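Peer 1: Supplied in structure tokens, the structure appears directly below.
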Amino acid sequence: MPQAGLYQLTEEHDAIRTAVRDIAEREIKPYAAEVDAESRFPVEAQKALTAAGFHATHIPEQYGGEGADAIATCIVIEEVARVDVSASLIPAVNKLGSMPVILSASEDLKQEVLRPIAAGDAMISYGLSEREAGSDAAAMTTRARLEGDTWVLNGTKAWITNSGISEWYTVMAVTDPEKRANGISAFVVHRDDPGFAVGPKERKMGIKGSPTCELYFTDCTIPADRIIGEPGTGFKTALRTLDFTRPTIGAQAVGVAQGALDAAVEYTRERKQFGKTVSDFQGVQFMLADMAMQIEAARHLVYVAAARGEAGHSGGKVDPDLGRLCAAAKAFASDVAMKVTTNAVQLFGGAGYTQDFPVERMMRDAKITQIYEGTNQIQRMVIARSLLR
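Quick note, the sequence shown lines up with residues 1 to 389 if you use UniProt numbering.
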């Protein structure tokens, strides 16, 4: 006889899903269309998630956090993305920005940075990409030099999510140009540090509620102890971080896909053509069935990747297949999200192309999940290299 609970989420995970869905439906969904139309930060979502402790669930208890496991964090992001992808970037980017600190920072720096984030008094963003160093992140030109008891940063970062909102920024900069990737170091910058500035917001296709800006460093001076780990280890920390955060983008993709499917099921049940509901047509039923199958497959791949990363982190073991699995989860789930949201618009017909219904926003929001935290072409390269190594 099979064991009970052999392959299922815990009761705690189910309770988290129920709680977040309730918050999302009551306090985030009603503002999602307005947030998109006005390209404004979802302050209602931020307040609701922070009040419930869902804004940064991944932070360990010793730094004032919830200490939630990776699957729990994915569930939070998934359920928020189901109603508003922009709002889901609050917990997602808090994890992305703080993981380098959790993985590699000194104890003092962890206490300084993580505690205010856990308390909801601050947010953190992640500064890796530049205009000419996107997929080829090691080609970055932002520099940092040590002067006495300070680091001085110069350069520009691009495509920084939640920039201008966040108080803290994890920033990668070159400290030894001769060593290329091994000459990149990681730092924590505060928005009040001298020489730091945030550029204007990008005009984006989707996730309009989450500001995306450049970061400018003009002789930006920070204390010497704000380096994360040893000099030259920043790029390794960045790559390790992505193994923990790519599943969260997969969770975001699963969430928006689920939201689109839920909307499509409801609409096709109510919409009538040729004297019967649209959902009575077998062609429509097949589309809905395919959407549901793909979402469920993506969800399980995301949870498995999250669980493997959690096991390796807590056990201190290096999983040689983790990078491949996380890349697969991110790429597969985001491809599913794009397909499902596009089909949802199709099922709505002309109505789906208007802003009177949420599916067109969901389709626009879904596209970014195929691009950020490594394009899906880069994910396929990661997967192939792992298979062929």
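Virtual Cβ for every residue (Gly too), placed ideally from N, Cα, C.
In this text, all values refer to a predicted model and were calculated from it rather than measured experimentally.
Is the number of C-beta pairs between the segment 160 to 171 and the segment 199 to 214 that are closer than 8 Å three or more?
Peer 2: At 8 Å Cβ cutoff, the stretches touch.
Peer 1: For L388, which beta-bridge partners are listed by DSSP?
Peer 2: BP columns for L388 are empty, so no partner.
Peer 1: Within 10 Å of its beta-carbon, does Y7 have 16 or more other beta-carbons around it, so buried, or fewer, so exposed?
Peer 2: Exposed, by the Cβ-count rule.
Peer 1: Locate the alpha helix (DSSP H) running through A329, then write down its first and last residues.
Peer 2: Run containing A329: L322 to F348, per the alpha helix (DSSP H) assignment.
Peer 1: If we call anything under 8 Å between Cβ atoms a contact, is A329 one with A305?
Peer 2: Going by C-beta atoms, A329 is nearer than 8 Å to A305.
Peer 1: Of the choices G209, S104 and F54, whose alpha-carbon is the least far from that of A87?
Peer 2: Cα-wise, what sits closest to A87 is G209.
Peer 1: Could you tell me the boundaries of the alpha helix (DSSP H) in which H13 lies?
Peer 2: Per DSSP, H13 belongs to the alpha helix (DSSP H) from E11 to I23.
Peer 1: Starting from the C-beta of T245, find all residues in its chain whose C-beta is less than 8 Å away, skip the five residues before and the five after it, and write them out in chain order.
Peer 2: Excluding sequence neighbours, T245 sits near A92, K95, L96, M99 and E373.
Peer 1: Does DSSP put V83 in a helix, in a strand, or in coil?
Peer 2: In this structure, V83 counts as coil in the three-state DSSP scheme.
Peer 1: Looking at the structure shown, is Y7 part of a helix, part of a strand, or coil, going by DSSP?
Peer 2: It is coil, neither helix nor strand.
Peer 1: Cβ of H55 within 8 Å of Cβ of I90?
Peer 2: A contact, by the Cβ cut-off of 8 Å.
Peer 1: Could you name each continuous beta strand (DSSP E) segment of 3 residues or more that falls completely within the UniProt domain "Acyl-CoA oxidase/dehydrogenase middle" (126 to 220), going from the start of the chain to the end?
Peer 2: Within the UniProt domain "Acyl-CoA oxidase/dehydrogenase middle" (126 to 220), the complete beta strand (DSSP E) runs of at least 3 residues are 143 to 147, 150 to 161, 168 to 174, 184 to 190 and 196 to 201.
Peer 1: Does the distance from the CB of G255 to the CB of I124 come in under 8 Å?
Peer 2: Not closer than 8 Å, so no.
Peer 1: Buried or exposed for M205, please, with buried defined as at least 16 other CB atoms from any protein chain shown within 10 angstroms of its CB.
Peer 2: Label assigned to M205: exposed.
Peer 1: Rounded to whole angstroms, what is the Cα-Cα separation between V171 and E38?
Peer 2: Spanning the two alpha carbons is a distance of roughly 29 Å.
Peer 1: Is it buried or exposed for Q355, if we count other Cβ within 10 angstroms and need 16 for buried?
Peer 2: Per the 10 Å Cβ criterion, exposed.
Peer 1: Where does P223 sit, in a helix, a strand or coil, going by DSSP?
Peer 2: Looking at P223 - three-state DSSP - the assignment turns out to be strand.
Peer 1: Could you say which of A327, G259, R380 and K272 lies nearest to A21 if we only look at CA atoms?
Peer 2: Ala is not the amino acid found at residue 21; the sequence shown has Arg there. Ranking the options by Cα distance to R21, first place goes to G259.
Peer 1: Give, in chain order, every unbroken run of the beta strand (DSSP E) that is at least 3 residues long and sits entirely within the segment 48 to 120.
Peer 2: Segments of the beta strand (DSSP E) lying fully in the segment 48 to 120: there are none.
Peer 1: In terms of alpha-carbon separation, which member of T218, I184 and P200 lies closest to P194?
Peer 2: Looking at the Cα atoms, T218 is the closest of the given residues.
Peer 1: Just the Cα atoms here: how many angstroms apart are residue 440 and L146?
Peer 2: With the chain covering only 1 through 389, there is no way to say anything about residue 440.
Peer 1: Would you identify the three-state DSSP class for K367, choosing helix, strand or coil?
Peer 2: In the structure shown, K367 sits in a helix (DSSP, three-state: H, G or I).
Peer 1: Going by DSSP, what residue range makes up the alpha helix (DSSP H) through A253?
Peer 2: Taken as a continuous stretch (DSSP letters only), the alpha helix (DSSP H) holding A253 covers G234 to E270.
Peer 1: DSSP on K276, reduced to helix/strand/coil?
Peer 2: Three-state result, K276: strand.
Peer 1: Beta-carbon separation of V284 and A251 under 8 Å?
Peer 2: It is not a contact, given that the beta carbons lie outside the stated cut-off.
Peer 1: Taking the DSSP output, what are the residues bridged to I295?
Peer 2: None, per the DSSP bridge assignment.
Peer 1: Could you work out which residue in K157, A119 and E44 is closest to Y169 when comparing CA atoms only?
Peer 2: The residue with the shortest Cα to Cα distance from Y169 is K157.
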